[in-house]
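**Q**
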Amino acid sequence: MLKFKAPQADTWAAMGQAHGYHVCSRVELEEPWFPDGKLLAKAPNLLAVCSLGAGYDVIDVDACNQAGILVCNQSGGNSEAVAEHAMGFMLALSKKIMLSDRAMRKQANLERFLYTGNDLLGKTVGIIGLGNIGGRVAELCKGLFRMTVLAYDPYLTKEQIAAKGAQKVELDELIPRADYLTMHSPRTKETFGMMGYDQFARMKPTAYFINTSREGFKLAHDISAYSLVALTRAALPLFEKAGQGSVLRHLTPVVPLRQSKDHRRRRVKPTAPAPCGRSRSRRPG
Ligand SMILES: NC(=O)c1ccc[n+]([C@@H]2O[C@H](COP(=O)([O-])OP(=O)(O)OC[C@H]3O[C@@H](n4cnc5c(N)ncnc54)[C@H](O)[C@@H]3O)[C@@H](O)[C@H]2O)c1
-13 MLKFKAPQAD
-3 TWAAMGQAHG
7 YHVCSRVELE
17 EPWFPDGKLL
27 AKAPNLLAVC
37 SLGAGYDVID
47 VDACNQAGIL
57 VCNQSGGNSE
67 AVAEHAMGFM
77 LALSKKIMLS
87 DRAMRKQANL
97 ERFLYTGNDL
107 LGKTVGIIGL
117 GNIGGRVAEL
127 CKGLFRMTVL
137 AYDPYLTKEQ
147 IAAKGAQKVE
157 LDELIPRADY
167 LTMHSPRTKE
177 TFGMMGYDQF
187 ARMKPTAYFI
197 NTSREGFKLA
207 HDISAYSLVA
217 LTRAALPLFE
227 KAGQGSVLRH
237 LTPVVPLRQS
247 KDHRRRRVKP
257 TAPAPCGRSR
267 SRRPG
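Position 274 of the sequence shown, counted from 1, bears residue number 260 in our numbering, the numbering being contiguous throughout.
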């Protein structure tokens, strides 16, 4: 086990002997320990490099190919945890759980309807990347909440996507249709910047954007188009890189900019007067 705090000379000596190199994730790895051309030149015995978790975003795959070094990842290892986390975000955002928690801690006697949320039932989820995590999210969305599941994954056929309970669509179609857009693609040259201002602007104003993948989008200047944003720790470097003046500096992982009210659209006739007797017009829209 190599330690970042160890003297670099010791680590380079170990690297020079190693046949395998198992790297940690992008958020933990430090320079100069990214497996790139420079490192490989100092590790002549390396036969294989493996990344922790899914994707190869920490590994210079081209440099490994040129050096004849095998590359592998551990895709799927924690897919259940990430998929459930994405579902947790969908529920927490829709039900305004974190917002109401914060508000209740700050202020007594909150307006009861101020934090009314929406339901997931029957909504449309758009999944970018229908692999281990995206596939599980599809299963949960369909099974738990009878959602329509759209998927953009150029590496899966229509039949493979249908087998996971989703409809294959292009990204251009998925974006405006999704009530929840959740990213589960790896960070690659194709996916980095895939979600930008133009894409966010085409989302429904009431839609939620959830990203549990690794910095798959450039969002520094794109925040104004968001309805709601949920980010995991994997996306935290974005916050760190954002300049002092950036709106990102003022964000917490969940940012309410707009809201929708399912209950207003539902035609449920009350059989008795509303218990609190408050007028609907007092609810913020
Ligand atoms: N937040 C976390 O803790 C955490 C943990 C594990 C993985 N992840 C991220 O989630 C991603 C997905 O993990 P996984 O286990 O499901 O990986 P996976 O390899 O099983 O699935 C990735 C899917 O993305 C698809 N894909 C590739 N390029 C695409 C593109 N250009 N557009 C759309 N889809 C594309 C692939 O075809 C594949 O189906 C990882 O690459 C990683 O970045 C995050």
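Even for Gly, the Cβ is constructed at its ideal location relative to N, Cα and C. Computed from a prediction, not measured in an experiment: that's the story for all the values here.
1) Which parts of the stretch 30 to 101 are runs of the beta strand (DSSP E), unbroken and 3 residues or longer, counting only runs that do not cross its ends?
2) Taking DSSP's pairing of strands, which residues face G341 in a bridge?
3) Classify H282 as buried or exposed, calling it buried when 16 or more other Cβ atoms lie within 10 Å of its own Cβ.
4) Measure the alpha-carbon distance for I113 versus E125 and round it to whole angstroms.
5) Can you give the Cα-Cα distance for E(-12) and F20, rounded to whole angstroms?
6) Using a Cβ distance threshold of 8 Å, determine whether the stretch 141 to 154 contacts the stretch 172 to 185, with at least three qualifying pairs required.
7) Considering only DSSP beta bridges, list what Y138 is partnered with.
8) Is R173 close to ligand 1? I mean its beta-carbon at under 8 Å from any heavy atom of the ligand.
9) Of the choices D43, Y166, P18, whose alpha-carbon is the least far from that of G108?
10) Taking the alpha-carbon positions, what's the K190 to G120 distance?
11) From A78, G117, A27, A137, pick the residue whose C-alpha is nearest to that of Q52; which is it?
12) For the beta strand (DSSP E) that contains L15, what are its first and last residues?
13) Can you look up L167 in the DSSP assignment and give me helix, strand or coil?
14) Hey, is the stretch 43 to 57 in contact with the stretch 67 to 80, meaning 3+ C-beta pairs nearer than 8 Å?
15) Taking DSSP as the reference, what is the three-state secondary structure of M1?
16) Exposed or buried, D158, counting other C-beta atoms within 10 Å across all chains shown (16 or more means buried)?
17) Using CA atoms only, rank isn't needed, just tell me which of R98, G182, M76, Q(-6) is closest to F131.
18) Does DSSP classify K154 as helix, strand or coil?
19) Please list, in chain order, all residues of the same chain as T134 whose beta carbon is under 6 Å from its beta carbon, the five residues on each side excluded.
20) Rounded to whole angstroms, what is the Cα-Cα separation between D87 and L15?
21) When burial is assigned at 16 or more other CB atoms within 10 Å of the CB, is D139 buried or exposed?
22) Is any non-hydrogen atom of ligand 1 found closer than 8 Å to the C-beta of P140, if you look at the structure I gave you?
23) Does the beta-carbon of L116, which I'm using as the reference point, lie nearer than 8 Å to any heavy atom of ligand 3?
24) I'd like to check one pair, C36 with N59: are the Cβ atoms closer than 9 Å?
25) For the beta strand (DSSP E) containing N197, name the first residue and the last one.
26) Please return the same chain residues whose Cβ sits closer than 7 Å to the Cβ of A0, not counting the five positions on each side in sequence.
27) Mind checking if A34 is an interface residue toward chain D, Cβ cutoff 9 Å exclusive?
28) Contact check, G62 vs A40 under 8 Å by CB: the rounded distance?
**A** Looking at the atomic coordinates:
1) Every unbroken stretch of the beta strand (DSSP E) spanning 3 or more residues and falling wholly within the stretch 30 to 101 is given here in chain order: 34 to 37, 56 to 58.
2) Shown here, the chain extends from -13 to 271; a query on residue 341 therefore has no answer.
3) Residue 282 lies beyond the range of the chain shown here (-13 to 271); nothing can be said about it.
4) Spanning the two alpha carbons is a distance of roughly 11 Å.
5) The displayed chain sequence assigns Leu, not Glu, to residue -12. When rounded, the distance between both Cα atoms is 13 Å.
6) Flag = no, the stretch 141 to 154 and the stretch 172 to 185 do not touch.
7) DSSP output for Y138 lists I114 as bridge partner(s).
8) R173 Cβ: within cutoff of ligand 1.
9) Just measuring C-alpha positions, the residue of D43, Y166, P18 sitting nearest G108 is Y166.
10) For K190 and G120, the gap between their C-alpha atoms comes out near 21 Å.
11) With distances taken between CA atoms, Q52 lies nearest to A27 out of A78, G117, A27, A137.
12) Looking at the DSSP string, L15 is not in any beta strand (DSSP E), and its letter there is neither H nor E.
13) In this structure, L167 counts as strand in the three-state DSSP scheme.
14) They do not touch, by the three-pair rule.
15) The answer is helix: DSSP assigns M1 an H, G or I state.
16) By the neighbour-count rule (16 or more Cβ atoms within 10 Å), D158 is not buried but exposed.
17) Here the closest residue by C-alpha is M76.
18) K154 carries a strand assignment under DSSP once its states are collapsed to helix, strand and coil.
19) Beyond the five residues adjoining it in sequence on each side, T134 comes within less than 6 Å, by CB distance, of T110 in the same chain, given in chain order.
20) CA-CA distance, D87 to L15, rounds to 34 Å.
21) That one is buried.
22) Checking every heavy atom of ligand 1 against the Cβ of P140, one is found closer than 8 Å.
23) Annotation note on ligand 3: not contained in the displayed structure, which lists ligand 1 as its ligands.
24) Yes; because the gap between Cβ atoms is below 9 Å, this pair is in contact.
25) Taken as a continuous stretch (DSSP letters only), the beta strand (DSSP E) holding N197 covers 194 to 197.
26) Around A0: L(-12).
27) The question asks about chain D, but that chain is absent: this structure has only one protein chain.
28) The Cβ separation is near 7 Å, so the contact holds.
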